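For the record, the sequence lines run as chains A and B.
Numbering-wise (this note's numbering), the first sequence opens with residue 9 and increments by one.
Numbering-wise (this note's numbering), the second sequence opens with residue 2 and increments by one.
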Amino acid sequence: MISANLSAFFYLISGVLFILALRGLSSPETSRKGNFYGITGMIIAITVTFLSVGNFSNGFFYVIIFLLVGGAIGAFIAFKIPMTAMPELVAGFHSLVGLAAVFVAISAFINPQAFNLGSPGDIKLASLIEMSIGAAVGAITFSGSIIAFLKLQGIMSGAPITFKGQHFLNALILFSIVLLTYLLCVSQSSNLFWILIAISFLIGFLLIIPIGGADMPVVISMLNSYSGWAAAGIGFTLENTALIITGALVGSSGAILSYIMCKGMNRSFFSVILGGFGATEQSSKNTNKEQRPVKSGNADDAAFLMKNASSVIIVPGYGMAVAQAQHALREMVDTLKKNDIKVSYAIHPVAGRMPGHMNVLLAEANVPYDEVFELEEINNDFANADVAFVIGANDVTNPVAKTDPQSPIYGMPVLDVEKCKSVLFVKRSLSPGYAGIDNDLFYKENTLMLFADAKKMTEDITKNL
Amino acid sequence: MEIDPFIFRLSIFILSIFVGYYVVWSVTPSLHTPLMSVTNAISSVIIVGAIIAALANLDDEVFTLSSLFGYIAITLAAVNIFGGFLVTQRMLAMYKKKKKSK
Numbered sequence: 009m010i011s012a013n014l015s016a017f018f019y020l021i022s023g024v025l026f027i028l029a030l031r032g033l034s035s036p037e038t039s040r041k042g043n044f045y046g047i048t049g050m051i052i053a054i055t056v057t058f059l060s061v062g063n064f065s066n067g068f069f070y071v072i073i074f075l076l077v078g079g080a081i082g083a084f085i086a087f088k089i090p091m092t093a094m095p096e097l098v099a100g101f102h103s104l105v106g107l108a109a110v111f112v113a114i115s116a117f118i119n120p121q122a123f124n125l126g127s128p129g130d131i132k133l134a135s136l137i138e139m140s141i142g143a144a145v146g147a148i149t150f151s152g153s154i155i156a157f158l159k160l161q162g163i164m165s166g167a168p169i170t171f172k173g174q175h176f177l178n179a180l181i182l183f184s185i186v187l188l189t190y191l192l193c194v195s196q197s198s199n200l201f202w203i204l205i206a207i208s209f210l211i212g213f214l215l216i217i218p219i220g221g222a223d224m225p226v227v228i229s230m231l232n233s234y235s236g237w238a239a240a241g242i243g244f245t246l247e248n249t250a251l252i253i254t255g256a257l258v259g260s261s262g263a264i265l266s267y268i269m270c271k272g273m274n275r276s277f278f279s280v281i282l283g284g285f286g287a288t289e290q291s292s293k294n295t296n297k298e299q300r301p302v303k304s305g306n307a308d309d310a311a312f313l314m315k316n317a318s319s320v321i322i323v324p325g326y327g328m329a330v331a332q333a334q335h336a337l338r339e340m341v342d343t344l345k346k347n348d349i350k351v352s353y354a355i356h357p358v359a360g361r362m363p364g365h366m367n368v369l370l371a372e373a374n375v376p377y378d379e380v381f382e383l384e385e386i387n388n389d390f391a392n393a394d395v396a397f398v399i400g401a402n403d404v405t406n407p408v409a410k411t412d413p414q415s416p417i418y419g420m421p422v423l424d425v426e427k428c429k430s431v432l433f434v435k436r437s438l439s440p441g442y443a444g445i446d447n448d449l450f451y452k453e454n455t456l457m458l459f460a461d462a463k464k465m466t467e468d469i470t471k472n473l
Numbered sequence: 002m003e004i005d006p007f008i009f010r011l012s013i014f015i016l017s018i019f020v021g022y023y024v025v026w027s028v029t030p031s032l033h034t035p036l037m038s039v040t041n042a043i044s045s046v047i048i049v050g051a052i053i054a055a056l057a058n059l060d061d062e063v064f065t066l067s068s069l070f071g072y073i074a075i076t077l078a079a080v081n082i083f084g085g086f087l088v089t090q091r092m093l094a095m096y097k098k099k100k101k102s103k
């Protein structure tokens with residue numbers, strides 16, 4: 009058994025190590041060391057907890073077993089999961105953090121003596137408030153992440169689900185959560201505590217169903233933030249510095265990522281949260297229905313264009329992930345490089361279904377990270393490039409965002425693909441992207457549409473090079 | 002009058018938010034996915050609460066309602082800790098620089 013002061017000191021150390029873990033991610037070279045700091049911090053926190061509880065009886069034996077069972081499941085998932093399924097995995101992991109927070113809060117509510125919080129029915133007021141916040145935010149994180157997971161996995165339709173009075177109902181539930189917390193503090197009734205958790209699960213579910221598939225980067229970042237605030241809430245209850253620091257770090261990290269994603273779409277955070285995007289844009293889609301001429305080509309034409317280019321910029325999007333085309337793409341680029349053609353990759357902040365999604369997929373296909381550029385870094389280069397190869401991206405290349413103030417995506421930062429001498433656009437059909445609007449790029453003089461599956465088309469081009 | 006320890010914890014919390022703010026802005030956008038998976042792993046430090054809950058009882062009653070919730074929470078958090086750190090490791094190992102020879 010070690011003293012409370014000593015253990016608090018060690019918790020502080022693991023908190024600092026967690027900060028260093030995030031700090032390491034500022035560049036790929038330092039990132040692996042950062043991850044190691046994170047693991048060390050976790051080991052310290054767990055060891056210190058065992059020592060400060062000082063109970064090495066049968067219970068300790070079971071704790072180790074449950075720890076190893078969970079650990080084995082986690083390790084198995086980590087090694088088996090394909091990189092394209094990263095968004096689902098992260099959503100799934102968020103739900104577990106949320107549920108763990110709920111269970112710890114329940115446990116503390118039933119047996120407050122274990123945590124020095126008073127006795128059942130007579131829990132310290134501050135602890136009760138912190139506990140309620142931790143449990144409620146945890147429950148929202150859990151059910152919200154489950155919905156996000158189902159939508160990303162395709163088990164549930166990615167289309168926004170909206171109904172009349174939705175916002176009113178949500179506001180009502182949020183208000184009753186606050187009211188219940190107040191009543192709980194006054195009465196200490198366990199029934200109120202259960203109701204509080206139940207309606208928090210419900211509101212998490214209701215908050216995420218109206219949000220559409222392509223808004224998922226914001227949702228995942230937001231749930232990441234929530235899981236942090238839940239951890240911080242529990243950290244206050246347990247008076248644990250490591251948890252408080254981590255909760256604050258994760259909470260602000262998720263909030264920043266949500267902000268970056270919203271900015272990438274030029275949408276306010278609230279309009280994403282209120283949801284229903286895409287469903288309301290039907291009208292503008294239908295008025296623009298007149299047929300415009302489109303030039304389409306085959307793999308041979310594309311290979312010819314690229315062979316005669318001196319620089320090519322590749323613009324990947326979610327479609328590349330769906331078609332699992334990253335390896336085929338890399339092979340095509342290898343062939344291009346053998347012909348002394350300069351190739352770089354342009355990544356839009358919201359390409360894919362989570363922040364940095366495209367970067368991970370390209371890294372998986374062995375694309376060196378110094379060939380991959382962010383929007384601001386590369387946008388001026390399109391004017392000097394010969395060919396832009398758009399694979400699986402759509403809305404993020406639409407010039408309408410710069411020209412048509414009527415368009416729902418007006419003002420969104422887009423890649424200046426149309427400035428290239430020629431544009432190759434791999435797509436299965438002319439159907440509009442997520443925003444439900446036509447892409448002007450399809451009809452440009454210098455655009456050649458390649459109607460095919462992204463992976464198959466890329467392979468065919470490689471053969472023709 | 003003595004200062005309530007809560008105020009100290011609140012100070013740590015607020016300052017950590019600021020630390021997080023500046024540290025996360027310095028994260029390169031290409032590592033945003035590993036950032037999410039590693040924040041996931043570290044937020045599972047909530048396992049310390051679960052361990053305290055599970056070990057609150059003595060030998061004669063290892064499994065009570067409250068410790069049971071602790072044990073389940075340990076399992077959930079452990080999935081996250083191992084899964085989160087390992088998958089981050091796996092992703093980070095893929096980020097390579099251009100080879101000089103060519």
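Idealized CB from N, CA, C, for every residue including glycine.
In this text, all values refer to a predicted model and were calculated from it rather than measured experimentally.
Comparing the C-beta of E247 (chain A) with each C-beta of chain B, is any distance below 8 Å?
Your numbering for residue 247 (chain A) matches position 239 in the first sequence. Yes, E247 (chain A) lies at the interface with chain B (some Cβ there is under 8 Å from its Cβ).
Using a threshold of 7 Å, is the CB atom of F117 (chain A) nearer than that to any non-hydrogen atom of the ligand FAD?
No copy of the ligand FAD occurs in the structure displayed, which carries no ligand at all.
Taking only three categories from DSSP, how would you classify M457 (chain A)?
Numbered from its first residue, the first sequence carries residue 457 (chain A) at position 449. M457 (chain A) falls in the strand class under three-state DSSP.
The stretch 148-162 of chain A / the stretch 215-229 of chain A touching (three or more Cβ pairs under 8 Å)
yes
Can you list, in chain order, the residues of its chain whose CB lies under 6 Å from that of V20 (chain B), leaving out five sequence neighbours each side?
Taking the first residue of the second sequence as 1, we reach residue 20 (chain B) at position 19. Excluding residues within five positions, none has a Cβ falling inside 6 Å.
Return the first residue and the last residue of the beta strand (DSSP E) that A354 (chain A) is part of.
On the first sequence, residue 354 (chain A) is found 346 positions in, with the first residue counted as 1. K350 to I355 is the span of the beta strand (DSSP E), which, as asked, contains A354 (chain A).
Which same chain residues end up closer than 8 Å to F14 (chain B) when comparing Cβ atoms and leaving out the 5 residues on each side of it in sequence?
Against the second sequence, residue 14 (chain B) aligns to sequence position 13. Closer than 8 Å at the Cβ level, and outside the excluded window around F14 (chain B), lies no residue.
Can you tell which of A:C193, A:L182, A:P120 and A:G221 has its C-alpha closest to the C-alpha of I163 (chain A)?
Translated into the one-based positions of the first sequence, residue 163 (chain A) becomes position 155. Closest by alpha carbon: A:G221.
My understanding is that M362 (chain A) touches T34 (chain B), with C-beta atoms under 8 Å, so please give their C-beta distance in whole angstroms.
Here residue 362 (chain A) corresponds to residue number 354 of the first sequence, with the count starting at 1. Here residue 34 (chain B) corresponds to residue number 33 of the second sequence, with the count starting at 1. Contact flag correct, Cβ pair sits at about 6 Å.
For the alpha helix (DSSP H) that contains A54 (chain B), what are its first and last residues?
For the purposes of this step, residue 54 (chain B) is identified with residue 53 of the second sequence, where counting begins at 1. Start and end: I48 to A55.
DSSP-derived helix/strand/coil call for G259 (chain A)
Residue numbering aside, residue 259 (chain A) sits at position 251 when the first sequence is read from its first letter. Helix at G259 (chain A).
In chain B, what lies closer than 9 Å to E379 (chain A) by C-beta?
By 1-based counting over the first sequence, the position of residue 379 (chain A) is 371. By Cβ distance, chain B contributes K99.
Could you tell me which of B:S68, B:G71 and B:L77 sits nearest to G79 (chain A), measuring between CA atoms?
Counting from 1 along the first sequence, the entry for residue 79 (chain A) is found at position 71. When only C-alpha atoms are compared, the closest one is B:L77.
Can at least three beta-carbon pairs, one atom from the stretch 48-66 of chain B and one from the stretch 63-83 of chain A, be found at a separation below 8 Å?
yes
For L204 (chain A) and P416 (chain A), I'd like the C-alpha separation in whole angstroms.
Here the question's residue 204 (chain A) lines up with position 196 in the first sequence. Here the question's residue 416 (chain A) lines up with position 408 in the first sequence. One C-alpha to the other measures close to 38 Å.
Using a Cβ-Cβ cut-off of less than 8 Å, list which residues of the stretch 49-63 of chain B approach chain A; keep chain order.
V49, G50, A51, I52, I53, A54, A55, L56, A57, N58, L59, D60 and V63
Identify the contact partners of R31 (chain A) in chain B, using a Cβ-Cβ distance below 8 Å as the criterion.
By 1-based counting over the first sequence, the position of residue 31 (chain A) is 23. Under the 8 Å cutoff, chain B gives V24 and S27.
With contact counted as at least three CB pairs below 8 Å, one residue from each stretch, are the stretch 88-97 of chain A and the stretch 122-141 of chain A in contact?
no
Taking Cβ positions, are T92 (chain A) and A329 (chain A) nearer each other than 8 Å?
If you number the first sequence from 1, residue 92 (chain A) lands on position 84. If you number the first sequence from 1, residue 329 (chain A) lands on position 321. Taking 8 Å as the Cβ cut-off, T92 (chain A) and A329 (chain A) qualify as a contacting pair.
What residues of chain B sit near V258 (chain A), judged by a beta carbon separation below 9 Å?
Here residue 258 (chain A) refers to the residue found at position 250 when the first sequence is read from its first residue. Within 9 Å Cβ-Cβ: G21, T40, N41, I43 and S44.
List in chain order: all unbroken beta strand (DSSP E) runs of 3+ residues lying wholly within the stretch 208-248 of chain A.
none
Partners in chain B for R361 (chain A), counting only beta-carbon separations shorter than 9 Å:
Counting from 1 along the first sequence, the entry for residue 361 (chain A) is found at position 353. Those do not exist, as R361 (chain A) stays about 10 Å from chain B at its closest Cβ, beyond 9 Å.
Continuous beta strand (DSSP E) assignments of at least 3 residues falling wholly in the stretch 369-447 of chain A:
380-382, 395-399 and 430-435
Nearest-angstrom Cα distance between D461 (chain A) and A16 (chain A)?
Position 453 of the first sequence, counting from 1, holds the residue named residue 461 (chain A). Position 8 of the first sequence, counting from 1, holds the residue named residue 16 (chain A). So the two alpha carbons sit approximately 56 Å from each other.
Which residues in chain B sit within 9 Å of P376 (chain A), going by Cβ to Cβ distance?
Indexing the first sequence from 1 puts residue 376 (chain A) at position 368. Result: Y96, K97, K98, K99 and K100.
Tell me, please, which residues DSSP counts as bridged to G126 (chain A).
Reading the first sequence from its first residue, position 118 is the one you call residue 126 (chain A). Partner(s): A:I131.
I want to verify the contact list: residues of chain B whose CB lies under 7 Å from the CB of V422 (chain A), in sequence order.
Taking the first sequence and counting its residues from 1, one reaches residue 422 (chain A) at position 414. Within chain B, no residue comes near V422 (chain A); the closest Cβ sits about 17 Å away, beyond 7 Å.
At the level of alpha carbons, what is the spacing between C428 (chain A) and A393 (chain A)?
The residue labelled residue 428 (chain A) in the question sits at position 420 within the first sequence. The residue labelled residue 393 (chain A) in the question sits at position 385 within the first sequence. Whole-angstrom Cα-Cα distance: 6 Å.
To the nearest angstrom, how far is it from the Cα of T170 (chain A) to the Cα of I217 (chain A)?
Along the first sequence, read from residue 1 onward, the residue named residue 170 (chain A) stands at position 162. Along the first sequence, read from residue 1 onward, the residue named residue 217 (chain A) stands at position 209. Going by the C-alpha atoms only, they are around 8 Å apart.
Find the nearest neighbour of S39 (chain A) within the set B:I48, B:K97 and B:L93, judged by alpha-carbon distance.
For this step, residue 39 (chain A) is matched to residue 31 along the first sequence. Of the candidates B:I48, B:K97 and B:L93, the one whose C-alpha sits nearest the C-alpha of S39 (chain A) is B:L93.
Under the assumption that V398 (chain A) contacts V431 (chain A) (Cβ atoms under 8 Å), give the Cβ distance between them as a whole number of angstroms.
Walking along the first sequence from the start, residue 398 (chain A) turns up at place 390. Walking along the first sequence from the start, residue 431 (chain A) turns up at place 423. Yes, they are in contact, since the Cβ atoms of V398 (chain A) and V431 (chain A) sit about 7 Å apart, within 8 Å.
Take the Cβ of F183 (chain A) as the centre, count every other Cβ of all protein chains shown within 10 Å, and call the residue buried at 16 or more, exposed below.
For this step, residue 183 (chain A) is matched to residue 175 along the first sequence. Label assigned to F183 (chain A): exposed.
Inside the stretch 125-195 of chain A only - alpha helix (DSSP H) runs reaching at least 4 residues:
133-161 and 174-195
When the Cα of A391 (chain A) is compared with those of A:T405, A:V380, A:V425 and A:L231, which residue comes out closest?
Locating residue 391 (chain A) in the first sequence gives position 383, counting from the first residue. Comparing Cα-Cα distances from A391 (chain A) to each of A:T405, A:V380, A:V425 and A:L231, the minimum goes to A:V425.
For a contact defined as C-beta to C-beta under 9 Å, what are the partners of P218 (chain A) on chain B?
The residue labelled residue 218 (chain A) in the question sits at position 210 within the first sequence. Result: empty, since nearest Cβ-Cβ is about 23 Å, beyond 9 Å.
Using a C-beta to C-beta distance shorter than 8 Å, which residues of chain A count as neighbours of I8 (chain B)?
On the second sequence, position 7 is the one that residue 8 (chain B) refers to. Within 8 Å Cβ-Cβ: nothing; I8 (chain B) doesn't reach chain A, min ~11 Å.
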